[in-house]
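Quick mapping for you: the protein sequence lines, in order, are chains A and B. Here the numbering used here is used: the first residue of the first sequence is 185, the next is one more, and so on. Here the numbering used here is used: the first residue of the second sequence is 185, the next is one more, and so on. Each residue gets a CB set at the ideal place from its N, CA and C atoms; glycine is no exception.
Protein chains: 2
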Amino acid sequence: MASNAGPRLNIDNINPHVREAKYAVRGELAVKSEEYRAALAKGASDLPFSQVISANIGNPQQLDQKPLTFFRQVLSILENPLLLEKGDVLINHLGYQPDVLERAKTLLGHVGSVGAYSASNGVPAIRQSIADFLERRDGFPANQADIYLSAGASSGVNTLLHVICANEKSGILVPIPQYPLYTASLSVLNAHCVPYLLDEQKNWGTDLATIKASYEKAKAEGIDVRAIVIINPGNPTGASLSEADIRAVLDFARQKRLVVLADEVYQTNVFVGEFISFKRTLRQLQAENPNGGFDAVELASLHSVSKGMVGECGHRGGYFELVNFDPQVQAEIYKFVSIMLCAPVIGQCLVELMVNPPRPGEPSYELYDREYNSIFNGLRERATALHKAFEQMEGVECGEPQGSMYLFPTIKLPAGAAEAAAKEGRTPDEFYCMRLLDATGVCVVPGSGFGQKEGTLHFRTTFLAPGTEWVGSIVKFHKEFVEKYR
Amino acid sequence: MASNAGPRLNIDNINPHVREAKYAVRGELAVKSEEYRAALAKGASDLPFSQVISANIGNPQQLDQKPLTFFRQVLSILENPLLLEKGDVLINHLGYQPDVLERAKTLLGHVGSVGAYSASNGVPAIRQSIADFLERRDGFPANQADIYLSAGASSGVNTLLHVICANEKSGILVPIPQYPLYTASLSVLNAHCVPYLLDEQKNWGTDLATIKASYEKAKAEGIDVRAIVIINPGNPTGASLSEADIRAVLDFARQKRLVVLADEVYQTNVFVGEFISFKRTLRQLQAENPNGGFDAVELASLHSVSKGMVGECGHRGGYFELVNFDPQVQAEIYKFVSIMLCAPVIGQCLVELMVNPPRPGEPSYELYDREYNSIFNGLRERATALHKAFEQMEGVECGEPQGSMYLFPTIKLPAGAAEAAAKEGRTPDEFYCMRLLDATGVCVVPGSGFGQKEGTLHFRTTFLAPGTEWVGSIVKFHKEFVEKYR
Chain A
185 MASNAGPRLN IDNINPHVRE AKYAVRGELA VKSEEYRAAL AKGASDLPFS
235 QVISANIGNP QQLDQKPLTF FRQVLSILEN PLLLEKGDVL INHLGYQPDV
285 LERAKTLLGH VGSVGAYSAS NGVPAIRQSI ADFLERRDGF PANQADIYLS
335 AGASSGVNTL LHVICANEKS GILVPIPQYP LYTASLSVLN AHCVPYLLDE
385 QKNWGTDLAT IKASYEKAKA EGIDVRAIVI INPGNPTGAS LSEADIRAVL
435 DFARQKRLVV LADEVYQTNV FVGEFISFKR TLRQLQAENP NGGFDAVELA
485 SLHSVSKGMV GECGHRGGYF ELVNFDPQVQ AEIYKFVSIM LCAPVIGQCL
535 VELMVNPPRP GEPSYELYDR EYNSIFNGLR ERATALHKAF EQMEGVECGE
585 PQGSMYLFPT IKLPAGAAEA AAKEGRTPDE FYCMRLLDAT GVCVVPGSGF
635 GQKEGTLHFR TTFLAPGTEW VGSIVKFHKE FVEKYR
Chain B
185 MASNAGPRLN IDNINPHVRE AKYAVRGELA VKSEEYRAAL AKGASDLPFS
235 QVISANIGNP QQLDQKPLTF FRQVLSILEN PLLLEKGDVL INHLGYQPDV
285 LERAKTLLGH VGSVGAYSAS NGVPAIRQSI ADFLERRDGF PANQADIYLS
335 AGASSGVNTL LHVICANEKS GILVPIPQYP LYTASLSVLN AHCVPYLLDE
385 QKNWGTDLAT IKASYEKAKA EGIDVRAIVI INPGNPTGAS LSEADIRAVL
435 DFARQKRLVV LADEVYQTNV FVGEFISFKR TLRQLQAENP NGGFDAVELA
485 SLHSVSKGMV GECGHRGGYF ELVNFDPQVQ AEIYKFVSIM LCAPVIGQCL
535 VELMVNPPRP GEPSYELYDR EYNSIFNGLR ERATALHKAF EQMEGVECGE
585 PQGSMYLFPT IKLPAGAAEA AAKEGRTPDE FYCMRLLDAT GVCVVPGSGF
635 GQKEGTLHFR TTFLAPGTEW VGSIVKFHKE FVEKYR
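Now the structure itself:
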């Protein structure tokens with residue numbers, strides 16, 4: 185029977201919206217870098233490098249970042265609560281401090297077993313601990329009932345976009361360049377990404393006139409623009425937004441009735457100035473303008489254990505807080521997250537540790553503080569060193585590192601490179617990044633994976649990898665590349 | 185401005201497909217049971233019961249099931265690898281066996297840190313360990329490249345349905361009664377659930393004539409039927425399918441070119457006969473009929489750490505294996521799972537422990553084996569006790585327990601109950617379950633949450649809760665309920 189000639193599913197008949205989604209962070213370059221890594225592990229000696237540097241993805245503990253001792257000690261007890269029966273051994277022989285045992289007992293009291301499902305929106309006491317943290321951070325009350333634990337921030341974004349996008353006319357304002365989770369999820373949902381360009385000249389800040397123009401253009405095309413995404417500190421840009429920028433976005437959201445999605449997962453990775461949360465700013469605007477309509481601005485802000493000095497992305501822990509949302513809409517969000525049952529419980533516990541770390545005077549504080557600061561300072565130093573290297577490179581421009589884990593330099597390539605790229609069916613930045621990987625083992629992501637202003641080229645690199653050798657190899661490669669295609 | 189009068193999102197303008205999704209397992213009854221639990225915790229003394237029994241959800245460790253010691257000892261080291269430096273303390277003072285340390289070392293060698301992202305489809309060595317397990321289980325080779333780690337089986341189902349359903353004409357055959365993950369996910373995707381009834385008279389087995397009729401009816405309505413879901417052992421039914429039933433389904437899938445989704449998360453919860461995998465049966469059919477077209481039958485089979493004697497649902501670990509899938513389709517599945525980065529790494533490690541537990545002769549084997557058998561026997565005893573209780577109850581019929589964690593008895597209620605239910609705007613089974621909760625603190629799920637043949641009523645209860653008191657309270661309630669509405 186001819187109808188039985190092959191599998192039922194093929195590339196042309198599966199979900200076209202899945203097919204259209206693009207996710208460059210783990211695309212062809214990443215796959216090739218893993219092949220190089222495997223070849224090196226098997227003893228390959230014909231490669232021009234001796235190690236692969238995965239600067240393509242913000243994966244701190246794959247590189248040099250060590251987990252925070254207090255956190256992992258608590259988690260070890262949560263996984264094996266029988267250890268609590270041997271508290272003296274933990275303290276006298278394994279270096280656990282009494283507050284480690286206390287915290288583990290408290291968390292076990294809340295979750296029962298980390299092997300049990302929690303409530304769909306997360307363990308109630310952990311939600312309360314997050315609310316307490318938000319209150320301390322922002323100076324405004326937070327309600328545990330408005331907090332939803334998630335499997336990393338990505339899962340939270342997925343939930344929110346699922347509820348917000350109603351049909352194929354729905355659109356979401358997304359910064360360009362952006363983390364491709366947003367465009368990929370909108371592709372899958374068959375909703376519109378309404379791109380607005382960030383301003384590279386102002387260190388990748390938001391420009392209200394640009395946002396407005398994108399909004400108006402989309403409206404004119406019949407798109408029902410429903411929300412605006414802000415990533416602050418920025419990914420891939422590393423920008424840290426000013427309070428004025430945040431206020432302007434919130435005021436625009438009020439005027440145009442846009443839900444604000446604030447991706448704030450890099451909130452502790454700030455090197456210049458301080459992190460300003462959308463929640464605090466919104467509450468301030470509400471207080472300053474009692475009848476100004478800000479109490480109708482819906483804000484969803486996201487955070488996770490994946491980045492910052494915690495860097496525990498493999499644990500898939502995160503949360504989002506909803507502000508000014510309709511209770512019936514929140515009930516639908518609760519139902520939606522119920523379908524996947526709950527976020528990983530050990531990841532939820534890690535969120536609790538992140539928002540409620542040891543405090544001054546507590547036995548584990550000194551070590552925690554030392555480890556935390558050492559990671560922070562290490563990241564800043566690496567960012568600065570990488571930035572300096574970029575400044576030396578011909579045709580490369582890069583703003584001062586402000587935050588997150590990334591630099592996103594502009595690269596100006598000779599015309600010959602564009603021609604060679606076209607022959608391979610690649611964009612010039614893809615071509616550049618592929619040759620960089622082949623020559624040095626350093627894997628970065630071309631700017632086209634995040635979106636970039638027409639006529640410009642970039643790449644994104646993390647500054648997580650230790651040492652300076654890999655930075656030197658980029659400088660050397662770049663020089664040779666420019667010579668070759670000049 | 186009137187347009188700024190309230191939040192942008194309301195129940196009438198959010199995603200209608202999310203709104204339409206139903207997920208009774210965590211619905212109104214579950215919420216009310218949590219309110220009762222909270223009231224009891226605060227010392228409420230005006231309730232007719234002193235504890236809440238969550239028999240609504242297969243959450244083993246929330247009730248009596250203890251985690252397996254070997255598994256949790258390994259996980260405690262994965263969370264705090266510094267413990268390996270004190271191996272003598274672990275062995276001499278904390279009861280860890282040398283094979284616990286060995287396994288932890290091996291897994292850490294594979295993952296680096298459990299705080300780092302893994303490959304999108306899971307840690308390669310863990311995929312290989314799963315492939316080895318499948319080969320031992322089925323007697324046919326398995327390829328690690330066809331295995332995808334997921335955050336519990338639910339997340340795997342979500343992935344597969346996203347890829348398989350192409351548009352609003354796509355339909356999936358789903359057993360009725362079914363676990364509501366399937367109908368809820370299809371609602372969200374705006375695809376068709378094509379229901380086929382299981383045969384209660386044959387202990388909830390599949391009936392091919394019924395499946396065929398459902399398929400033909402859907403085709404006649406213009407639905408593009410693409411796949412068939414089988415849950416074996418059954419949820420909510422507890423059925424364990426015969427090899428003949430499995431062969432018949434696979435042959436039907438071959439004829440009609442349907443992808444087979446085999447939800448096999450209860451594969452170790454089998455009390456009668458033995459578990460027969462779809463993979464083994466498909467490979468046997470391929471071998472028996474070399475040109476019979478079975479090599480074009482696509483099978484996705486799912487498993488997880490959530491159920492069975494492992495019972496670690498809070499860890500959100502699982503995997504699916506693809507058989508006979510087109511490589512380009514697999515590449516799209518890989519991309520789709522990449523958007524959420526990876527499954528929780530500690531959950532992936534737990535999958536590895538599940539598929540590769542201690543073996544006879546190894547130091548941890550004896551304890552593991554004793555714990556495992558004790559859980560298995562306890563579940564069988566509870567199932568039998570509950571089944572006996574149902575046999576005593578007037579108007580209740582329930583087949584012999586065969587597998588999974590559930591019983592799904594038929595209840596025949598007096599006409600007065602239906603009238604009282606209608607007054608509350610409830611179905612009679614919802615009404616019954618609500619009164620049961622109010623009277624006894626026992627939370628079960630009405631049959632309507634899973635689907636049931638018209639004119640029949642059921643409820644699903646787990647048999648996870650220890651003790652017999654709660655079973656007695658159901659018997660007493662039922663008698664009084666029937667008396668009242670007779």
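Given a cut-off of 8 Å on the beta-carbon distance, is the pair residue i and residue j in contact?
i      : j      : result
A/L621 : A/S229 : no
A/V628 : A/A239 : yes
B/P612 : B/L591 : no
B/I414 : B/V456 : no
A/Q246 : B/G306 : no
B/T390 : B/D429 : yes
B/T731 : B/E581 : Outside the displayed span of chain B (185 to 670) sits residue 731 of chain B, for which this structure offers no information.
A/V347 : A/I517 : yes
A/S522 : B/Y552 : no
A/G271 : A/L259 : no
B/L267 : B/C533 : no
A/G633 : A/P282 : no
A/V655 : A/A573 : yes
Using 8 Å as the limit for Cβ to Cβ distance, is residue i near chain A?
i      : result
B/I523 : yes
B/S187 : Low confidence applies to B/S187: its pLDDT is 45, below 50, so where it sits in the model is not reliable, and the reading given next is rough at best. Closer than 8 Å to some Cβ of chain A, the Cβ of B/S187 qualifies, so yes.
B/Q695 : Any question about residue 695 of chain B goes unanswered here, given that chain B covers just 185 to 670.
B/C627 : no
B/K672 : As shown, chain B starts at 185 and ends at 670. That puts residue 672 of chain B outside it, with no answer to give.
B/H376 : no
B/I407 : no
B/C349 : yes
B/G545 : no
B/L267 : yes
B/H346 : yes
If residue i sits next to residue j, beta carbons under 8 Å apart, how far is it from one beta carbon to the other, in whole angstroms?
i      : j      : result
B/G502 : B/A337 : 4 Å
A/L318 : A/K463 : 7 Å
A/V384 : A/N416 : The displayed chain sequence assigns Glu, not Val, to residue 384 of chain A. With a Cβ gap of about 16 Å, A/E384 and A/N416 do not count as contacting.
B/R410 : B/G340 : Wrong, their Cβ atoms sit about 17 Å apart, outside the cutoff.
A/I360 : A/G587 : With 8 Å as the limit, A/I360 and A/G587 do not qualify as a contact, their Cβ atoms being about 19 Å apart.
Does any residue of chain B bring its CB to less than 8 Å from the CB of residue i?
i      : result
A/P282 : no
A/L442 : yes
A/Q245 : yes
A/Y207 : yes
A/Q312 : no
A/C497 : yes
A/K519 : yes
Applying the 10 Å Cβ sphere with the 16-neighbour rule, what's the burial state of residue i?
i      : result
B/P650 : exposed
A/G227 : exposed
B/T652 : exposed
A/E614 : buried
B/Q362 : buried
B/R311 : buried
B/V209 : buried
B/Q257 : buried
A/A186 : At A/A186, the pLDDT of 38 sits below 50, so the modelled position is not reliable; the number obtained from the coordinates is stated separately. Under this definition A/A186 is an exposed residue.
A/G519 : For clarity, residue 519 of chain A is Lys in the given sequence; the question names Gly instead. A/K519 comes out buried.
A/N276 : exposed
Shorter than 8 Å from the beta carbon of residue i to some beta carbon of chain D?
i      : result
B/N197 : Of the protein chains in this structure, namely A and B, none is chain D.
- Task: Taking only runs that begin and end inside the region 356 to 409 of chain B, name each unbroken beta strand (DSSP E) of 3 or more residues, in chain order.
- Result: List check, beta strand (DSSP E) in window: 376 to 381.
- Item | Residue ranges of each alpha helix (DSSP H) within the region 524 to 572 of chain A, 4 or longer | You should have 529 to 539.
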